[in-house]
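Here the structure comes first, spelled out in structure tokens, and everything after it is commentary.
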Ligand code: IMP
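In my numbering, the protein residues as written are 28 to 472.
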């Protein structure tokens with residue numbers, strides 16, 4: 028695309044917290060108004076649950092748009108692709124009657140190899156043993172960090188297009204194994220097939236044969252689509268506070284899940300990003316290690332975890348739960364330049380007499396409303412709360428904004444006032460039908 032007067036018909040859906048905000052549900056809903064859905068970052072560390080007519084689909088690599096007829100799904104340049112995972116998602120979707128035809132995979136996306144998963148595990152256990160060090164990150168174990176590290180180090184990485192180039196594939200795998208095997212062997216506990224050159228080349232060649240129909244120049248396809256005025260939805264995986272540059276480093280993932288990652292992850296220029304929708308839960312969750320100022324280690328946290336079914340889609344780990352952190356939310360809104368918020372899982376807060384939102388932090392004896400994402404600073408921040416009225420009534424069956432309890436509308440107003448951006452969508456349950464448009468006043472359709 029070139030710079031034109033007309034704004035592009037594009038929407039970005041971005042997680043504003045530490046992931047698992049319910050992005051998949053909103054992408055699935057918005058996909059119906061778009062022609063393309065594009066994943067641009069992350070890999071199988073992401074987990075999207077989408078419920079359609081009571082049926083739950085758990086997706087990790089497949090763009091959520093795959094459940095919408097007429098939409099082309101794209102796995103862009105910035106994704107690290109685990110072909111075994113993708114092929115098993117394709118097979119299980121097909122088994123359930125979802126045809127996977129319109130899928131394009133960037134030839135420039137990087138492949139997660141078996142040795143990347145072994146390295147991920149080895150690094151985590153070494154970091155966990157380290158005394159006085161930063162400790163382990165609590166990764167998903169999907170080989171994400173090592174795959175991105177190889178991409179940046181150059182020379183040992185395999186890209187999707189290389190699966191179809193036997194000489195390049197062999198050279199890269201041989202180089203990678205030569206460098207990694209001594210380290211992995213010293214660490215011990217690595218399965219032998221993670222560094223078996225011939226076995227890996229055979230596996231990767233089979234992946235290439237199965238993925239070949241989908242491999243494409245996705246950058247070119249997206250430029251042309253936008254030039255034709257087609258509507259493109261960018262699906263951020265993971266979330267803002269896990270961004271490798273702007274998240275709570277080092278407790279982050281290894282990609283750029285923010286709107287800032289769309290350019291490098293797709294090959295589109297900044298002008299290609301139209302509307303930006305930020306997705307936030309009505310409370311806070313986090314999986315893995317790292318600071319979380321509003322974490323609740325008491326019965327309130329347990330109640331949120333149980334009601335919100337806060338267990339990881341990818342790893343099954345219980346998520347850490349806490350009150351909504353408005354300081355972090357305002358920061359995430361700023362980094363992404365969001366136009367609006369979709370507030371998710373509001374129904375989970377029903378039954379609390381009072382709810383709390385964090386409006387500032389206390390650090391070194393002073394109060395601040397600025398968010399410093401560095402883990403060593405954030406880890407010292409204590410939350411300063413505002414207390415708001417709770418609501419007793421269950422709201423999962425509410426279909427009109429006018430029928431929502433006063434306390435819910437008050438909560439929404441508090442979020443809007445703190446962040447300076449309108450909340451346009453309220454989600455009160457997992458199904459598509461449990462989504463209220465605050466503009467239209469009724470269920471989003
Ligand atoms: P990695 O992305 O597997 O390297 O994990 C790094 C950190 O990001 C860990 O704390 C993970 O739990 C977290 N993480 C990565 N992806 C997601 C996600 O989609 N939702 C929630 N947490 C995630």
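A virtual CB, placed ideally from N, CA and C, is assigned to each residue, including glycine.
The stretch 296–375 contains, as complete beta strand (DSSP E) runs of 3+ residues, the segments 302–308, 311–313, 347–349, 367–371 (chain order). For residue 109 against residue 71, the beta-carbon gap comes to about 5 Å, under 8 Å, which counts as contact.
In this structure, the CA atom of residue 103 is about 20 Å from the CA atom of residue 272. Under the three-state reduction of DSSP output, residue 39 falls in the strand class. Contact annotation: residue 227 and residue 175 have beta-carbon atoms that are not nearer than 9 Å. Shortest gap from the CB of residue 102 to any heavy atom of the ligand IMP: 8 Å or more. By the criterion of at least three beta-carbon pairs nearer than 8 Å, the stretch 391–405 is not in contact with the stretch 368–382. Not one heavy atom of the ligand IMP falls within 8 Å of the beta-carbon of residue 331. Residue 266 has its CB nearer than 8 Å to a heavy atom of the ligand IMP.
As for any beta strand (DSSP E) of minimum length 3 sitting wholly inside the stretch 59–100, the runs are 63–66, 75–79, 82–86, ordered along the chain.
In its chain, beyond the 5 residues on either side, 145, 211 have a beta carbon closer than 6 Å to the beta carbon of residue 217. Under the 10 Å beta carbon count, residue 447 is surrounded by fewer than 16 other beta carbons and is classified as exposed.
Contact check between the stretch 187–202 and the stretch 124–136: three or more CB pairs, one atom from each, fall below 8 Å, which counts as touching. Residue environment for residue 96: exposed (fewer than 16 other C-beta atoms within 10 angstroms of its C-beta). Residue 57 sits in a helix when the DSSP states are folded into three classes. Counting only runs that start and end inside the stretch 405–455, the beta strand (DSSP E) elements of at least 3 residues fall at 409–416, 450–454.
Contact check between the stretch 314–329 and the stretch 49–58: fewer than three CB pairs, one atom from each, fall below 8 Å, which does not count as touching. If you draw a straight line from the Cα of residue 246 to the Cα of residue 330, it comes to about 45 Å. By alpha-carbon distance to residue 167, the top candidate from 265, 213, 123 is 265. Straight across, the Cα-Cα distance linking residue 455 with residue 339 is about 20 Å. Taking each of 412, 442, 370 in turn and checking the Cα distance to residue 461, the smallest one comes out for 370. In this chain, the alpha helix (DSSP H) harbouring residue 249 covers 245–254. For residue 388, there is no enclosing alpha helix (DSSP H); the enclosing beta strand (DSSP E) covers residues 381–390. By the beta-carbon neighbour count (other beta carbons within 10 angstroms, threshold 16), residue 115 is exposed.
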